[in-house]
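Just below is one structure, and these are the notes that go with it.
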Amino acid sequence: MILFPAIDLYEGKAVRLYKGRYDEMTVYSHEPPSIALDFRACGATHVHLVDLEGARSGETPNLETAISIKKQSGLFCELGGGIRSMDVIRRCMEAGMDRVILGTAAVENEALVKEAVATYGKAIAVGADIKDGYIAVKGWLERSAITAYEFFERMEALGVSTIICTDISKDGVMQGTNRELYRDLSEKYRVNITASGGVSSKEDLQALKDMGLYGAIIGKAYYTGALDLKGAVEEFQS
3 MILFPAIDLY EGKAVRLYKG RYDEMTVYSH EPPSIALDFR ACGATHVHLV
53 DLEGARSGET PNLETAISIK KQSGLFCELG GGIRSMDVIR RCMEAGMDRV
103 ILGTAAVENE ALVKEAVATY GKAIAVGADI KDGYIAVKGW LERSAITAYE
153 FFERMEALGV STIICTDISK DGVMQGTNRE LYRDLSEKYR VNITASGGVS
203 SKEDLQALKD MGLYGAIIGK AYYTGALDLK GAVEEFQS
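Numbered per the working numbering, the sequence shown spans residues 3 to 240.
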């Protein structure tokens with residue numbers, strides 16, 4: 003299982019939200035690349051980047067910060083938030099991103115997903131952000147009419163190889179991750195699943211690894227010190 007410590011970007015800063023709420027934002031650093039360097043020092047090989055402004059607006063105002071993170075850390079960088087066209091996907095890939103994540107676009111424009119996968123293959127992932135059983139879009143501010151299971155079926159049929167799955171109700175709450183959801187999804191679908199939202203203990207990581215999940219995103223637990231990243235990488239990354 004690959005561990006993906008996360009950096010959420012807003013106005014060039016590293017921040018965290020509580021349950022995806024923009025009005026409950028904590029700023030952790032004004033120099034996000036320094037956080038990525040600490041990830042590397044802890045043994046991490048991958049980093050999960052989210053442009054929170056882009057997720058709302060459909061633009062990529064934090065792309066330059068993401069590029070700086072990639073250049074300074076040398077880590078495998080996956081980036082999501084506001085990526086809704088082939089032009090933007092191309093910009094991200096040419097800038098050095100290793101993988102891009104389609105969120106709102108994957109729900110609203112399946113033709114884009116198909117073209118992106120045909121062009122970039124495994125470098126294209128999609129985000130399944132789940133709210134009350136349905137996929138949320140536009141920075142988690144709106145709920146679509148598509149259930150999580152319908153979405154997984156559609157993405158698998160389109161050839162998507164990796165889905166980053168977030169239970170929004172667990173995000174930033176530090177009360178554990180939704181193990182039942184990930185177990186169910188991993189049994190039903192053949193895609194690589196990365197668990198996100200509420201991963202806050204070694205017990206969570208052990209459970210996810212035992213399920214055979216592809217990856218797990220570590221967010222707030224790193225920033226609060228609830229989870230020792232170095233120890234987690236040594237014990238659970240493979």
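Each residue gets a CB set at the ideal place from its N, CA and C atoms; glycine is no exception.
Sub-8 Å separation of residue i and residue j beta-carbons
i    : j    : result
G82  : G105 : yes
D10  : L39  : no
I220 : T196 : no
T179 : Y216 : no
L207 : F154 : no
L210 : Y184 : yes
E247 : A150 : Past the boundaries of the shown model lies residue 247; the chain is included only from 3 to 240, so the question cannot be answered.
I170 : G22  : yes
Residue from the options whose Cα sits closest to the Cα of residue i
i    : options                  : result
K73  : V49, K133, E61 and A223  : V49
A57  : D131, D40, L210 and S70  : D131
V52  : E33, D25 and V17         : V17
F78  : A159, I85, R93 and A125  : A125
K232 : T28, G14 and A43         : A43
G2   : R181, S146, V193 and T62 : For residue 2 there is no data in the structure shown, the boundaries of the chain being 3 and 240.
I4   : S198, R181, K15 and K222 : S198
P7   : F41, K204 and D230       : F41
Reduced DSSP category for residue i - H, G, I as helix; E, B as strand; rest coil
i    : result
A138 : strand
E13  : coil
L51  : strand
A8   : strand
D25  : strand
G233 : helix
S38  : Before going further, note that residue 38 is Ala rather than Ser in the sequence given. Correct three-state label for A38: helix.
E33  : coil
Integer Cβ distance of residue i from residue j, believed to fall under 8 Å
i    : j    : result
E88  : L114 : Sequence check: residue 88 is Met here, not Glu. Contact holds; Cβ gap of about 7 Å.
I69  : A127 : The pair is not a contact, with the Cβ atoms about 19 Å apart (cut-off 8 Å).
E80  : R101 : 4 Å
Y122 : I91  : 7 Å
Y24  : Y225 : The Cβ separation is near 17 Å, so there is no contact.
A234 : S202 : Actually they are not in contact, since the Cβ atoms of A234 and S202 sit about 11 Å apart, beyond 8 Å.
A97  : L65  : 7 Å
L85  : I71  : For the record, residue 85 in the displayed sequence is Ile; it is not Leu. Incorrect: roughly 16 Å between the Cβ atoms, too far for contact.
P34  : K15  : 7 Å
Residue i CB to nearest heavy atom of the ligand PLP below 7 Å
i    : result
K232 : Questions concerning the ligand PLP fall outside what the structure shown contains, since it holds no ligand whatsoever.
Exercise. Taking only runs that begin and end inside the stretch 57 to 134, name each unbroken beta strand (DSSP E) of 3 or more residues, in chain order.
Key: The qualifying runs are 78 to 82, 101 to 104 and 126 to 133.
Quiz item: Curious, which full-length beta strand (DSSP E) runs of at least 3 residues does the stretch 156 to 221 contain?
Solution: 164 to 169, 194 to 198 and 217 to 220
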